[in-house]
Amino acid sequence: MRETLRELAAKHGPKKVRKFALSALGLERVRFREALEGVRQALLDAERLTAGAEFGYEDAARAVDLLEKAVHRVRCVANGMRGAV
């Protein structure tokens, strides 16, 4: 019943085998937590950008961009978790 990764890849395709392997190792949960940490870091960076009374539109837009990118990464990881279930 045991198959090698190559046999599984031939049967199911390399992308599917990679998802199985990541799921089996629990790496998606680790990746999700890392992505959440990225959101926390982006929030700190956004707060630094807008901390002074002199911040303007450019600083605010940059802060929003940092947060949107971090949240996008979390969504991508979450979608990967859904596909592995």
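For the sequence shown, the residue numbers in my numbering are 273 to 357. Positions of the beta carbon are idealized from the N, C-alpha and C atoms, including for glycine.
- Looking at the backbone, the Cα of Glu-326 and that of Val-302 are separated by about 38 Å.
- With a cutoff of 8 Å on beta-carbon distance, Leu-321 and Asp-337 are scored as not near each other.
- The beta carbon of Gly-352 sits closer than 7 Å to the beta carbons of Glu-300 from its chain, once the five residues preceding and following it are set aside; these are given in chain order.
- For Phe-304, the enclosing alpha helix (DSSP H) begins and ends at 299 to 321.
- Between the beta-carbon of Ala-318 and that of Arg-345 there is about 15 Å, and that puts the pair past the 8 Å contact cut.
- Between Leu-316 and Leu-339 the beta-carbon gap is near 11 Å, outside 8 Å, which marks them as no contact.
- Between Phe-304 and Val-349, the C-beta spacing is below 8 Å.
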